[in-house]
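Here's the structure we're looking at; comments come further down.
2 protein chains.
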Amino acid sequence: MDLELAARLSQPADTKVVLCVLDGLGGLERPETERSELDQSNTPNLDRLTETSDVGLTVPVGMGITPGSGPGHLALFGYDPYRHDVGRGVLEATGIDFALGPDDVAARGNFCTLDADGNIVDRRAGRIASERSAALVERLRGIAVDGAELFVEPVREHRFVLVLRAPGLGAAVSETDPQREGVPPLPARGADEAGERTAALVNGFAAQAGALLAGEAEASGLTLRGFAKVPALPQLEDVWGLRAAALAVYPMYRGLAKLAGMRALACPGGMEQQLAVARERWDEFDYFFIHYKATDAAGEDGDFAAKVRALEAFDAHVPDVVALGADVLMVAGDHSTPALMAAHSWHPVPFLLHSRHARGGTVQHFTERECLAGSLGVFPAVEVMPLAMAHAGRLRKYGA
Amino acid sequence: MDLELAARLSQPADTKVVLCVLDGLGGLERPETERSELDQSNTPNLDRLTETSDVGLTVPVGMGITPGSGPGHLALFGYDPYRHDVGRGVLEATGIDFALGPDDVAARGNFCTLDADGNIVDRRAGRIASERSAALVERLRGIAVDGAELFVEPVREHRFVLVLRAPGLGAAVSETDPQREGVPPLPARGADEAGERTAALVNGFAAQAGALLAGEAEASGLTLRGFAKVPALPQLEDVWGLRAAALAVYPMYRGLAKLAGMRALACPGGMEQQLAVARERWDEFDYFFIHYKATDAAGEDGDFAAKVRALEAFDAHVPDVVALGADVLMVAGDHSTPALMAAHSWHPVPFLLHSRHARGGTVQHFTERECLAGSLGVFPAVEVMPLAMAHAGRLRKYGA
Chain A
745 MDLELAARLS QPADTKVVLC VLDGLGGLER PETERSELDQ SNTPNLDRLT
795 ETSDVGLTVP VGMGITPGSG PGHLALFGYD PYRHDVGRGV LEATGIDFAL
845 GPDDVAARGN FCTLDADGNI VDRRAGRIAS ERSAALVERL RGIAVDGAEL
895 FVEPVREHRF VLVLRAPGLG AAVSETDPQR EGVPPLPARG ADEAGERTAA
945 LVNGFAAQAG ALLAGEAEAS GLTLRGFAKV PALPQLEDVW GLRAAALAVY
995 PMYRGLAKLA GMRALACPGG MEQQLAVARE RWDEFDYFFI HYKATDAAGE
1045 DGDFAAKVRA LEAFDAHVPD VVALGADVLM VAGDHSTPAL MAAHSWHPVP
1095 FLLHSRHARG GTVQHFTERE CLAGSLGVFP AVEVMPLAMA HAGRLRKYGA
Chain B
745 MDLELAARLS QPADTKVVLC VLDGLGGLER PETERSELDQ SNTPNLDRLT
795 ETSDVGLTVP VGMGITPGSG PGHLALFGYD PYRHDVGRGV LEATGIDFAL
845 GPDDVAARGN FCTLDADGNI VDRRAGRIAS ERSAALVERL RGIAVDGAEL
895 FVEPVREHRF VLVLRAPGLG AAVSETDPQR EGVPPLPARG ADEAGERTAA
945 LVNGFAAQAG ALLAGEAEAS GLTLRGFAKV PALPQLEDVW GLRAAALAVY
995 PMYRGLAKLA GMRALACPGG MEQQLAVARE RWDEFDYFFI HYKATDAAGE
1045 DGDFAAKVRA LEAFDAHVPD VVALGADVLM VAGDHSTPAL MAAHSWHPVP
1095 FLLHSRHARG GTVQHFTERE CLAGSLGVFP AVEVMPLAMA HAGRLRKYGA
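Top to bottom, those sequences are chains A and B.
Remember, my numbering sits 744 above the position in the first sequence when you count from 1.
Remember, my numbering sits 744 above the position in the second sequence when you count from 1.
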């Protein structure tokens, strides 16, 4: 659905919408048991909700497309993920509340350790403590390059953000992270003129950083990737008339939400605190995005049992989610992260939408295979937003 | 499917296609019984057809999009409803056989009653008798405005059509119907230069009409809405090679069909007459659109029992529909109109296609929930036309 049409059809309503995103929700059946993580989980609360909900499977981007967190979430927020791309650098910067401007190129930085020959030993510098990392960032702030303003900001553990600010910079810059150990960081290269200008500044920064970090046992080097400029996303309030809040612990998801125009409310403490904040701020917002990370983390680790536990832990919060009293409650995933694959995947993701206009009675258990028989079928994740708005009474009839 | 590609792939065949559109076919389960209107209906003939048909659910426009009658039907006729929009004024004008030209802007008019202060008392003038309304229209034909030809045509009860004809007119004109009572009709406003030119003519017409109607007890005022120019729809004959006939009682559906290039055959008497005309004219056409209104009317009234009766009444005609002997017989809906909501809705709509190439044996009853398990799944209504053409042997292989 075109967002300009969406804006024309939107109408105000006194209704609340809650979207719970279980990161990496979808899984795959283990061959020996023929049961997926969801099959294996004991999730009585989700199952009860499923019985009275519209149920289906979302295709995050397209059949066979494995999404990163950006496209996976943007699709659920109603943005065509092929048209609206958000680079990793922008996600990280936005997630730490760095106000990116139109002249900025942002990159995600990782501290790493180097051996005497300059080869990478640990790409994450042993997940160095955040305080130590912040001290190193402070040192990097002394770096100056000719022709751009530089900002270096700590994120958490080994991660930081680099922002270059100057007119005419471009984001078509190759990453300096070789994505493996035993080799040195790569020089940045530009793919066009603006990218070349940026790459030269990046390489200047990296050379000076190398000198400043030399001999640091904890983190003697750094890599940079995800060079990106800020995209101009139509804002949820302008398109759908929603005052939207994000309840997410991790910077990247807070960043994504803010790009869409959500207020990212502080709730570092996880689901209990996320729900407490939702209750406290209930009257201020129409739409609440609640992000749950543990499912993806367990999937990425290839830990089937941990993913089952993460699903069951979420299930324990479902009564409190329901008790919020939303008119439209959705449980969705930004993509699959099957423990069997230890990675994101392209597989369609279970989805449920509960509202008084939902068609229940199609599915008993919230699993990949049962959701196939649900009332919504297999459908693109980008249609979740108009569907939710329809159920919330926020979408006018189209055409005479 | 792109209509230019459709035209390239179309091939002639000596086959007949019948599309029965049950307006507002889809419903919703009542919470107390968990049964929808279709669940509740006794429809042995439809069920028998279902067992030997390709079965699924159509998404009229997009997930969450509640279609008006225009987009709902255009999609079933093979037009992307996001690309081809038909305004209400054009629908009404075409439905009464008014031949709209490219310079015309048409609007739907309603007679209303006004109180002494000029506020609307009844937006439909008590559904004034058609003869009385026609007499008032005759009076309005005396109005002249500077710079455009005017046509005023009666439709039925309180409804009429206004057509303004002049080069350079535009349809971006706001409606004068405030959509509620106790306030006066609004002035028309243009959203662009061509719209402003039209709005000035409309306001001139409305002022003169006000003077002519003043003191009329039955209808002392009027409102205008749905300003529209005629869209240039590719014609069914050019795209699909079909000589197509419409068997519809209500003007709007006849109008829609004519825009697509169908011949609207006279059959004011309802299903029996519609089927009799289809039989009589069988050899002249390849494609028959049969419109059944009662399901939508009952749904709009929120009358669950009446919708059940309307479905059963249609079912009684199914043997005669089958007896027409079409090579491809479809039963579809332009959208859902759940009695529970007393309005059009976005919910996917049951669909069946019977032909000798159909995969039967998937579903026993023609209900929303059973159709989910059908051979076609949940799919966009705009794909109904190519599917029907394939079954009719009218679509060549695509690509080598």
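Note that beta-carbon positions come from the ideal geometry of N, C-alpha and C, so glycine has one too.
I'd like to know whether the C-beta of residue i is nearer than 8 Å to at least one C-beta of chain A.
i                  : result
Pro975 of chain B  : no
Pro811 of chain B  : yes
Asp829 of chain B  : yes
Gly806 of chain B  : yes
His1091 of chain B : yes
Leu1116 of chain B : yes
Val1107 of chain B : no
Leu835 of chain B  : yes
Leu772 of chain B  : yes
Tyr826 of chain B  : yes
Pro815 of chain B  : yes
Val917 of chain B  : no
Met1085 of chain B : yes
By DSSP, does residue i sit in helix, in strand, or in coil?
i                  : result
Glu897 of chain A  : strand
Arg1023 of chain A : helix
Val1122 of chain B : strand
Leu1000 of chain B : helix
Phe971 of chain B  : strand
Pro1094 of chain B : strand
Ala1086 of chain A : coil
Gly814 of chain A  : helix
Phe1048 of chain B : helix
Met1074 of chain A : strand
Thr794 of chain B  : helix
For residue i, return the contacting residues in chain A, with the cut-off set at a CB-CB distance below 7 Å.
i                 : result
Gly845 of chain B : Correct list: empty, because the minimum Cβ distance to chain A is about 20 Å.
Arg832 of chain B : Ala1144
Establish whether the CB of residue i and some CB of chain B are separated by less than 8 Å.
i                  : result
Ala1125 of chain A : no
Ser1119 of chain A : yes
Met715 of chain A  : Here chain A covers residues 745 to 1144 and nothing more, so residue 715 of chain A does not appear.
Gly1143 of chain A : yes
Arg1103 of chain A : yes
Which residues of chain B have a Cβ atom closer than 9 Å to the Cβ of residue i, listed in chain order?
i                  : result
Pro1130 of chain A : Gly806, Met807, Gly808, Ile809, Trp1090
Leu1139 of chain A : Gly808, Ile809, Thr810, Trp1090
Assuming the contact rule is C-beta atoms closer than 8 Å, residue i and residue j should be a hit. Round their C-beta distance to whole Å, please.
i                  : j                  : result
Ala915 of chain B  : Glu893 of chain B  : With 8 Å as the limit, Ala915 of chain B and Glu893 of chain B do not qualify as a contact, their Cβ atoms being about 16 Å apart.
Ala1083 of chain A : Asp1059 of chain A : At roughly 17 Å, the Cβ-Cβ gap does not stay under 8 Å, so Ala1083 of chain A and Asp1059 of chain A are not in contact.
Glu1044 of chain A : Ala1086 of chain A : 6 Å
Leu1000 of chain A : Arg1025 of chain A : Their Cβ separation, rounded to whole angstroms, is 19 Å, which puts Leu1000 of chain A and Arg1025 of chain A out of contact at 8 Å.
Leu1120 of chain B : Asp824 of chain B  : Between Asp824 of chain B and Leu1120 of chain B the Cβ distance is about 19 Å, and since that is not below 8 Å, they are no contact.
Gly891 of chain A  : Leu945 of chain A  : 7 Å
Thr1039 of chain B : Leu769 of chain B  : 6 Å
Check the Cβ of residue i against every Cβ in chain A and list those closer than 9 Å, keeping chain order.
i                  : result
Met745 of chain B  : Within 9 Å Cβ-Cβ: nothing; Met745 of chain B doesn't reach chain A, min ~18 Å.
Glu1112 of chain B : Arg1103, Ser1119
Glu778 of chain B  : Gly1104, Gly1105
Val1122 of chain B : Gly800, Ser1119, Leu1120, Gly1121, Val1122, Phe1123
Residues of chain A with CB closer than 8 Å to the CB of residue i, please, in chain order.
i                 : result
Val907 of chain B : Correct list: empty, because the minimum Cβ distance to chain A is about 16 Å.
Gly970 of chain B : Ala1144
Cβ closer than 8 Å: which chain B residues qualify as neighbours of residue i?
i                  : result
Leu763 of chain A  : The premise fails here: Leu763 of chain A is roughly 14 Å from chain B at the closest Cβ pair, so nothing lies under 8 Å.
Met1133 of chain A : Gly808
What does residue i touch in chain B if you count any residue whose Cβ is under 7 Å from its own?
i                 : result
Leu801 of chain A : Neighbours of Leu801 of chain A on chain B: none; closest Cβ ~11 Å, over 7 Å.
For a cutoff of 8 Å on Cβ pairs, would you count residue i as touching chain E?
i                 : result
Pro811 of chain B : The structure shown contains no chain E; its protein chains are A and B.
Under 7 Å from any heavy atom of the ligand ZN, does the C-beta of residue i make it?
i                 : result
Asp848 of chain B : The ligand ZN is not part of this structure, which contains no ligands at all.
Answer yes if the stretch 779-798 of chain B comes into contact with the stretch 817-824 of chain B, meaning at least three C-beta pairs across the two stretches below 8 Å, and no otherwise.
-> With the rule of 3 Cβ pairs closer than 8 Å, the stretch 817-824 of chain B does not count as touching the stretch 779-798 of chain B.
Stretch pair the stretch 963-983 of chain A + the stretch 799-812 of chain A: three plus CB contacts closer than 8 Å = no
Is the number of C-beta pairs between the stretch 982-1001 of chain A and the stretch 1029-1040 of chain A that are closer than 8 Å three or more?
-> yes
Do the stretch 998-1017 of chain A and the stretch 848-857 of chain A touch if we need at least three Cβ pairs shorter than 8 Å?
-> no
Counting pairs of Cβ atoms below 8 Å between the stretch 878-885 of chain A and the stretch 922-942 of chain A, do you hit three or more?
-> no
Contact between the stretch 765-775 of chain B and the stretch 948-966 of chain B: three or more CB pairs below 8 Å?
-> Using a C-beta cut-off of 8 Å, the stretch 765-775 of chain B makes no contact with the stretch 948-966 of chain B, since fewer than three inter-stretch Cβ pairs fall below that distance.
Any 3 or more C-beta pairs closer than 8 Å across the stretch 754-763 of chain B and the stretch 1118-1138 of chain A | no
The stretch 749-758 of chain B contacting the stretch 1094-1106 of chain B, beta-carbon criterion three pairs below 8 Å | no
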